[in-house]
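**Student:**
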Amino acid sequence: MKLTILAGSPRKNGNTNSLLKAFIEEAEKLGAEYERFDAYDMNVHGCIACRGCQKDWEHYSCVFDDDFHPVYDSVMSSDVILVATPIYGWFCPGPLKNILDRLIYNSCMFYGEEKGPALFKGKKLYILCTCGYGPEKGAYVFEEGMKMYCKHLKMEYDGMLCERDLGYDKVFMDNEKAQHAAGFAAKILAAL
Ligand SMILES: Cc1cc2nc3c(=O)[nH]c(=O)nc-3n(C[C@H](O)[C@H](O)[C@H](O)COP(=O)(O)O)c2cc1C
Numbered sequence: 294m295k296l297t298i299l300a301g302s303p304r305k306n307g308n309t310n311s312l313l314k315a316f317i318e319e320a321e322k323l324g325a326e327y328e329r330f331d332a333y334d335m336n337v338h339g340c341i342a343c344r345g346c347q348k349d350w351e352h353y354s355c356v357f358d359d360d361f362h363p364v365y366d367s368v369m370s371s372d373v374i375l376v377a378t379p380i381y382g383w384f385c386p387g388p389l390k391n392i393l394d395r396l397i398y399n400s401c402m403f404y405g406e407e408k409g410p411a412l413f414k415g416k417k418l419y420i421l422c423t424c425g426y427g428p429e430k431g432a433y434v435f436e437e438g439m440k441m442y443c444k445h446l447k448m449e450y451d452g453m454l455c456e457r458d459l460g461y462d463k464v465f466m467d468n469e470k471a472q473h474a475a476g477f478a479a480k481i482l483a484a485l
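Numbering (the numbering used here), first residue to last: 294 to 485.
Printed below as a string of structure tokens:
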């Protein structure tokens, strides 16, 4: 099984990446094969709805020659996608949103002259996120959005680990959160 991690935080040693580190350590122990993409380190243009990707259902095509193509290839060859992100304005930060939007049009061949397949059908998606409010307030909108996203892409939404940040003056990461992240990794790998 292969996992693609789409990481959305701009803070290298911030809350989301600390939680993700604990997740990855456990996933590595369990022998997971994964590829990781950090949206803030990449140049991915926002989708412009030109539908250039809709003409060829067999091969990747996009009018932008940017850093998105390897992400598409990785998702295409993965069984599981982990979206690891802080919540910004009830959703994910912009650079990750660009990637999520590009994944819609490049995989859902519904928007051209002829109606085609959903290329990511059956892949599973999980969320690992951190936010300032409790999960029910801070991550609820994003989780609902990602549920709809999966339904549209004919993927399976399978669950979220969300941890609360109590503020810049408080230490975020602790053993309990590390255990949650390790348990989440074990749960994902066991489901495959
Ligand atoms: C621009 C910005 C917008 C934010 N918007 C929200 C929000 O809508 N809801 C929420 O619960 N927390 C929000 N937060 C808090 C972050 O989600 C939280 O601090 C998170 O743990 C930061 O993760 P990081 O260290 O990986 O950047 C926001 C933070 C920033 C910087």
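Backbone N, C-alpha and C fix where the C-beta goes; we use that ideal spot for every residue, glycine too.
(1) For the beta strand (DSSP E) containing Lys417, list its first residue and its last residue.
(2) Take every Cβ of the stretch 414–429, pair it with every Cβ of the stretch 333–341, and state whether three or more of those distances are shorter than 8 angstroms.
(3) Identify, in the order they occur along the chain, each residue of the same chain with its Cβ nearer than 7 angstroms to the Cβ of Ser371, setting aside the five sequence neighbours on each side.
(4) Ends of the alpha helix (DSSP H) at Phe477?
(5) Please tell me whether, using a cut-off of 6 angstroms, the distance from the CB of Ser302 to the nearest non-hydrogen atom of ligand 1 is below it.
(6) For the putative contact between Leu412 and Tyr450, defined by C-beta atoms under 8 angstroms, what is the C-beta separation to the nearest angstrom?
(7) Closest to Pro388 by CA distance: which of Ala471, Phe330 and Ala474 is it?
(8) Compute the Euclidean distance between the alpha carbons of Gly431 and Ile397, then round it to the nearest angstrom.
(9) Please confirm whether any heavy atom of ligand 1 lies closer than 6 angstroms to the CB of Pro428.
(10) Measuring straight from C-alpha to C-alpha, what distance separates Ala471 and Ile380?
**Tutor:** Taking the geometry as given:
(1) Lys417 to Cys424
(2) no
(3) Lys295, Leu296, Thr297 and Lys416
(4) Asn468 to Ala483
(5) yes
(6) Wrong, their Cβ atoms sit about 17 angstroms apart, outside the cutoff.
(7) Phe330
(8) 24 angstroms
(9) no
(10) 19 angstroms
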